Amino acid sequence: MKNIPNKIALIVFAVSLSLLLAASLKAEDQKVTPEPGMPEKIPAERLKEIVLEPGASCINPSCHAGMEKKKYLHAIGIDGMKCDRCHEIITQGRHDFKKIPPETVTLCSQCHRADTIPPEGLKKSPPKVISEDAENKPHKPFAEGKCTACHDAHSSDNYKHLKLPYPEGVYASYKPDTYGLCLDCHKDLEKKLAEPRTLSLTMFRNGNVNLHYRHVNKTKGRTCKVCHSPHGLKDPLLLNETFLFGKRMLTVDFEKTETGGQCATSCHRLAKYDRYKPEFNFIKSDPLPGENATVKELEQSRKDDIEREKEKQNKLNTEKQ
Ligand code: HEC
Ligand code: HEC
Ligand code: HEC
Ligand code: HEC
Ligand code: HEC
31 MKNIPNKIAL IVFAVSLSLL LAASLKAEDQ KVTPEPGMPE KIPAERLKEI
81 VLEPGASCIN PSCHAGMEKK KYLHAIGIDG MKCDRCHEII TQGRHDFKKI
131 PPETVTLCSQ CHRADTIPPE GLKKSPPKVI SEDAENKPHK PFAEGKCTAC
181 HDAHSSDNYK HLKLPYPEGV YASYKPDTYG LCLDCHKDLE KKLAEPRTLS
231 LTMFRNGNVN LHYRHVNKTK GRTCKVCHSP HGLKDPLLLN ETFLFGKRML
281 TVDFEKTETG GQCATSCHRL AKYDRYKPEF NFIKSDPLPG ENATVKELEQ
331 SRKDDIEREK EKQNKLNTEK Q
């Protein structure tokens with residue numbers, strides 16, 4: 031808001047908005063949910079009548095004021111968050127915008143797709159995360175193009191504009207809400223990370239030793255990103271081949287077997303796990319509460335796993351029909 035015409039525009043805009051607001055307070059129907067900083071209780075139909083003055087800022091004390099007051103701002107214009115890069119006007123000069131579908135990928139592709147040249151006037155170059163890699167079997171919400179299932183398109187107090195908490199580094203002290211983002215969809219996650227021993231909560235186990243618990247649930251716990259990519263990879267379990275440790279790229283040499291897997295990393299020597307015939311690893315680690323499972327219990331867990339896998343496939347098949 032540096033020059034006079036802008037100030038006048040803003041005043042005209044604010045005045046027309048308050049008139050509308052006053053008029054609309056009687057109309058109790060068709061409420062829209064205001065976001066922080068937005069004038070309250072303007073019915074959707076009324077919103078469309080607001081006149082947009084050329085040059086007026088969308089972020090000002092009476093409109094969308096809260097949007098920029100977050101730790102991280104999606105800075106996609108020289109002057110900040112240019113609304114019209116994503117919000118297309120339907121009626122010229124009016125506050126009447128096209129609805130954005132939950133699949134925002136086309137929108138984000140303008141700038142975040144490997145093979146497109148982003149529009150001019152950006153402050154920084156956008157990281158490229160979308161590509162047409164036929165081999166990719168990405169994470170389902172990413173594959174479906176629902177970027178805003180995880181990211182806030184405007185601004186956020188969380189790292190990488192994430193809607194919910196997710197640790198920034200490769201270590202995090204464990205608390206249930208540390209992984210709020212993943213927990214939002216993976217409802218069984220809290221249980222998966224709470225039990226040191228399990229025969230059912232995860233396939234990442236050595237006998238009944240829960241290896242998710244073992245890696246994640248401690249003061250210096252390893253975060254999901256050490257092993258999984260949030261967008262997905264060739265691997266259906268989203269397992270990484272590398273991860274960033276400070277400025278160094280470290281490798282993870284993971285191999286899956288019929289009944290478990292093995293992993294050689296810079297974190298520890300080759301380690302193996304098997305769900306039904308537990309492996310012995312020479313790795314120094316904290317003692318674990320609870321007892322090892324008996325041979326009988328392990329055999330039963332194999333049957334239960336097969337049953338669960340069948341149920342999952344059946345569910346997927348009925349979803350497809
Ligand atoms: C990078 C694209 C992008 C930019 C830039 C952008 N928006 Fe949005 N906006 C979206 C998307 C996508 C949605 C739909 C909700 C969702 O999927 O999270 C949305 C929804 C909204 C909503 C509906 C309420 C809500 O938060 O769901 C408002 C109001 C809004 N935007 C205002 C603005 C304003 C004001 C600006 C400029 C300061 C702006 N937007 C800039 C992408 C963007
Ligand atoms: C007009 C170009 C443009 C569009 C459209 C756009 N972005 Fe961005 N995005 C950028 C730029 C430039 C940056 C780097 C500047 C920054 O970090 O804010 C960025 C950064 C990001 C970051 C990472 C920020 C960080 O901390 O490294 C995320 C996450 C992101 N965008 C998600 C999205 C999503 C989701 C959409 C679609 C709803 C989208 N972007 C649409 C230009 C764009
Ligand atoms: C399941 C949640 C999820 C979905 C869906 C998702 N992302 Fe992300 N995205 C993340 C997480 C978590 C990170 C942070 C990764 C890290 O650095 O640990 C991230 C990082 C990013 C970054 C920053 C990359 C960098 O190099 O800094 C961009 C840009 C981005 N996402 C864009 C997108 C776009 C575009 C889509 C939709 C096609 C999308 N994301 C869908 C979870 C998601
Ligand atoms: C918006 C919802 C959503 C969010 C948020 C989300 N996921 Fe997922 N995730 C899914 C869906 C849906 C699947 C596919 C599950 C299936 O096919 O049974 C999936 C599958 C997976 C898989 C593959 C194994 C499997 O069960 O199929 C892993 C690993 C995974 N997610 C990890 C994560 C991590 C780590 C996070 C946090 C960064 C996260 N997810 C956040 C929805 C989500
Ligand atoms: C030390 C590496 C490692 C870490 C850290 C890790 N995972 Fe995993 N995860 C795996 C492996 C390996 C598998 C595959 C197990 C198998 O099928 O043999 C897996 C499987 C999964 C699955 C599929 C269902 C299951 O449990 O078998 C989900 C969902 C998942 N992980 C989510 C997460 C989330 C969320 C985090 C962070 C809180 C996380 N993982 C941290 C290695 C890891």
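Going letter by letter, the sequence shown gives residues 31 to 351 in my numbering. Idealized CB from N, CA, C, for every residue including glycine. Small disclaimer: the values here were computed from a predicted structure and weren't measured.
Taking non-hydrogen atoms of ligand 1 into account, the C-beta of LEU137 is found less than 8 angstroms away from one of them. Rounded to the nearest whole angstrom, the C-alpha separation of ASP304 and HIS242 is 14 angstroms. Rounded to whole angstroms, the separation of the alpha carbons of HIS245 and ALA224 is 12 angstroms. Here the C-alpha atom of LYS222 lies approximately 23 angstroms from the C-alpha atom of LYS314. Look at LYS222 here: in three-state DSSP terms it is helix.
In the three-state DSSP reduction, LYS326 falls in the helix class (H, G or I). For PHE275, the distance from the CB to the nearest heavy atom of ligand 3 is not below 8 angstroms.
Between the beta-carbon of VAL159 and that of GLY123 there is about 35 angstroms, and that puts the pair past the 8 angstroms contact cut.
Leaving aside the five residues that flank LEU268 on each side, the residues in its chain whose CB is nearer than 6 angstroms to its CB run, in chain order, HIS169, HIS258, SER259 and GLY262.
Between CYS116 and LEU137, the alpha-carbon positions lie close to 7 angstroms from each other. DSSP, read as helix, strand or coil, puts VAL246 in helix.
For HIS181, the Cβ falls inside the 8 angstroms cut-off from some heavy atom of ligand 3. About 5 angstroms separates the beta carbons of PRO226 and PRO319, which is inside the 8 angstroms limit, making them a contact pair. Secondary structure within the stretch 132–220: the alpha helix (DSSP H) runs of 4 or more consecutive residues, fully enclosed, are 135–142, 170–173 and 210–215 (chain order). Ligand 5 never approaches ARG227 closely enough for any of its heavy atoms to be under 8 angstroms from the residue's Cβ. Here GLU118 has PHE127 and LYS128 as same chain residues with Cβ atoms under 8 angstroms from its own Cβ, once five neighbours each way along the sequence are excluded. For the 9 angstroms CB-CB criterion, LYS153 and ILE108 form a contact. Beta-carbon to beta-carbon, VAL256 and PHE273 are separated by about 5 angstroms, close enough to satisfy the 8 angstroms threshold.
Under a 10 Å Cβ-count criterion, GLY199 is classified as exposed, with fewer than 16 other Cβ atoms of the shown protein chains found around its own Cβ. Ligand 5 approaches PHE284 closely enough that one of its heavy atoms is under 8 angstroms from the residue's Cβ. One thing to note: TYR204 has its Cβ no nearer than 9 angstroms to the Cβ of THR146.
Around the Cβ of PRO131, a 10 Å sphere holds fewer than 16 other Cβ atoms; the residue is exposed.
In this structure, CYS254 has its beta carbon less than 8 angstroms from a heavy atom of ligand 4. With a threshold of 16 other beta carbon atoms within 10 Å, GLY151 falls short and is exposed. Set against 8 angstroms, the gap from the CB of ILE108 to the closest heavy atom of ligand 2 is not smaller. Not one heavy atom of ligand 1 sits closer than 8 angstroms to the Cβ of PRO157. Excluding its 5 nearest sequence neighbours in each direction, THR134 has C-beta neighbours in its own chain below 6 angstroms: CYS177 and THR178, listed in chain order. When the beta-carbon positions are compared, GLY251 and TYR201 come within less than 9 angstroms of each other. The closest heavy atom of ligand 2 lies 8 angstroms or more from the beta carbon of HIS169. Distance between THR289 and GLU329, taken at the CA atoms: about 12 angstroms.
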